[in-house]
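A quick write-up on the structure given underneath.
Numbering (UniProt numbering), first residue to last: 1 to 663.
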């Protein structure tokens, strides 16, 4: 409250105050003041362009991909969570538009805006207002050889920035309601401004005065509205610090920059220790949000390094472990499991990436830290842009990393079994954000199965947040996950009024993690159903047999009473069929079992006809049923899919068993 009260007494940034703060008497001298004597080695400084262009030549298609991004930005076209919108080159952008619903957020004071209303979603205009597009224009400006086309990109940059600033006055409208978005917009604008800093139109006072003034206004707003007041500060606060750090280091002449940088350096160190577990997993309780956190902390490190500002050995060591966690759960195609919320968020989208892609981070980590254990596959475009030729050389000198192994992350609550072309990622741990559960789901003992780099049994995803609260809760409910549900109850209570809270009631944990040369075993448990009138605990055992190429599961029920149980396996599409159990599949399934097992007469084929990926088989007495369902491969997108269900009655102690046989 004190910070915001002080901010309200702040004098607005005008040309006179800006010139006084920068120590120049004429607006025409601004360009020389802020661009004239730079010693930066930050990736976006024009002094690094030659290194970046040399490095891009080593990556097939990298320059072409940058040009495509620039042309898209030139058309003022955005892919907003699967919905494309284009306003045309040189035309005004409808910045306050929710492109899905058609709703336009009014230019009312941010503090009084009704941000969340059913049917609308502020994240849609935020995608445009984050101004990733101006960085894409900068990429095109760097790689484009034609002077005419470079001039066209400069003009587009100037016009788009001024259009945004004029359409969204400080403190008014949807783009000032979330300090995280304000901070990341300021960061993108500051980086793009350096990329274009040798262009004459960018150096003109008519452009530079409002843009530098806007950077001052952005950082002052973020500093006054730091998102440190919630139950547990999360990635929003990290974003606030990143924005302050990037702007303050790239433009140290701006008023308040030194104070904001000092605050950000201290804050980032604190939040690295608070929000990243020692093992390298994010405390968010979400693997997709781990990607966002990695990019946030990495951008801060890169800019700080480039300006000679240390963030500390502890910060770097824990960030390196975050990259190792990504490597642990990514498949051969670079896809990560979708456990927990997925809002498809990124910080440096220097190349278009799928919502579930994380493998590119592994190559970036290898080049950033010179770590051979992260040396998997090719160097990604992101590493070339952010590290230049030095990153290419460092990556080239590394020996290939060792094959990935099964691993358990008990603090993060994720456990990975690998082998025989399979990656099995299991959720069993505390709710994220230290028990608040902001981005956690009722997914305890659930898992994802990727075969040959392809998702086969999946977490259905997130759908959306505030646009449709009922859908939000359905996608994070127990029935939306590959686990067993008892008596129709939730593992933890879902409060319809609290879309980003999930109490710590399940107490999920690892009982045993036993990797072996041929077989890996994982036993996990949760007590979410011990609150039922007849309490029952659930233990699920996973057994990955690499020789037989089989994943065997055993669900054990410990407690009292009689219970109705439903088990589910969610698929990413509708490619599944019930078939008669094949003798060869039956033999492999029985050989992989550790105990006597009698299987039913039918199996469910997973995958397209003629290109089966696996067979799902249940023990006798459990009949598989194919049920229409929904799958959200990324935020805001939902497609039809199928869920395999089985039902039964149990009187503990009892077990239910199932087997997935890989092709």
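Cβ coordinates follow ideal geometry from the N, Cα and C atoms, glycine included.
Quick caveat: nothing in here was measured; it's all calculated off a predicted structure.
Confirm, please, whether the CB-CB distance from residue 255 to residue 21 is below 8 Å.
yes
State yes or no: is the C-beta of residue 600 within less than 8 Å of the C-beta of residue 612?
no
Compare the Cα-Cα distances from residue 413 to each of 393, 390, 437 and report the closest residue.
437
In chain order, what residues of the same chain lie with their CB nearer than 7 Å to the CB of residue 417, ignoring the 5 residues before and after it?
406, 424, 520, 522, 542, 544
Below 8 Å, how does it come out for the segment 545 to 554 and the segment 625 to 637: are there three or more Cβ pairs, yes or no?
no
Could you tell me which whole alpha helix (DSSP H) segments of length 4 or greater appear in the segment 250 to 328?
257 to 275, 287 to 306
Contacting residues, own chain, Cβ-Cβ under 6 Å from residue 400 (five flanking each side not counted):
375
Could you give the DSSP three-state label for residue 166: helix, strand or coil?
helix
Going by beta carbon distance, what residues of the same chain come within less than 6 Å of residue 267, once the five residues before and after it are set aside?
241
Anyone know if the C-beta pair for residue 676 and residue 348 falls short of 8 Å?
What is shown of the chain runs 1 to 663, which leaves residue 676 out entirely.
Do the CB positions of residue 184 and residue 219 come within less than 8 Å of each other?
no
Does the separation of the CB atoms of residue 309 and residue 249 fall below 8 Å?
yes
Would you report the Cα separation of residue 286 and residue 574, rounded to the nearest angstrom?
26 Å
Applying the criterion that 16 or more other CB atoms from any shown protein chain within 10 Å of the CB defines a buried residue, is residue 212 buried or exposed?
buried
Residue range of the unbroken beta strand (DSSP E) whose run includes residue 545
536 to 545
Assuming residue 496 and residue 482 are in contact, meaning their beta carbons sit under 8 Å apart, how far apart are those beta carbons, in whole angstroms?
Actually they are not in contact, since the Cβ atoms of residue 496 and residue 482 sit about 24 Å apart, beyond 8 Å.
Report the three-state DSSP secondary structure of residue 555 (helix, strand or coil).
strand
Between 96, 75, 623, which has its C-alpha nearest residue 86's C-alpha?
75
Opposite residue 525 in the DSSP bridges: which residues?
509, 539
Whose C-beta lies closer than 8 Å to the C-beta of residue 469 among residues of the same chain, with five residues either side of it excluded?
118, 496, 499
Does the segment 89 to 104 come close enough to the segment 63 to 79 that 3 or more CB-CB pairs lie under 8 Å?
yes
If we ignore side chains and look at the alpha-carbon of each, how far apart do residue 510 and residue 467 end up?
35 Å
Do residue 143 and residue 56 count as a contact pair if the criterion is CB distance below 8 Å?
yes
DSSP three-state call for residue 607: helix, strand or coil?
coil
DSSP state of residue 201 mapped onto helix, strand, coil
helix
Three-state secondary structure (DSSP) of residue 389:
helix
Identity of the residue in 182, 207, 187, 122 nearest residue 161 by Cα:
207
Taking contact to mean 3 or more Cβ pairs, one atom from each stretch, closer than 8 Å, check whether the segment 585 to 595 and the segment 531 to 538 are in contact.
no
For residue 258, does the count of other Cβ atoms within 10 angstroms reach 16, so buried, or fall short, so exposed?
exposed
Do residue 83 and residue 100 have their C-beta atoms closer together than 8 Å?
yes
Is DSSP giving residue 348 helix, strand or coil here?
coil
Between 233, 335, 128, 110, which lies nearest to residue 270 when the distance is taken from Cα to Cα?
233
Assigned exposure category for residue 14 - 16 Cβ within 10 Å defines buried
exposed
For residue 635, which three-state DSSP category applies?
coil
Alpha helix (DSSP H) segment containing residue 146, residue limits:
No alpha helix (DSSP H) contains residue 146, which DSSP labels as neither H nor E.
Considering only the beta carbon of each residue, do residue 338 and residue 247 sit closer than 8 Å?
no
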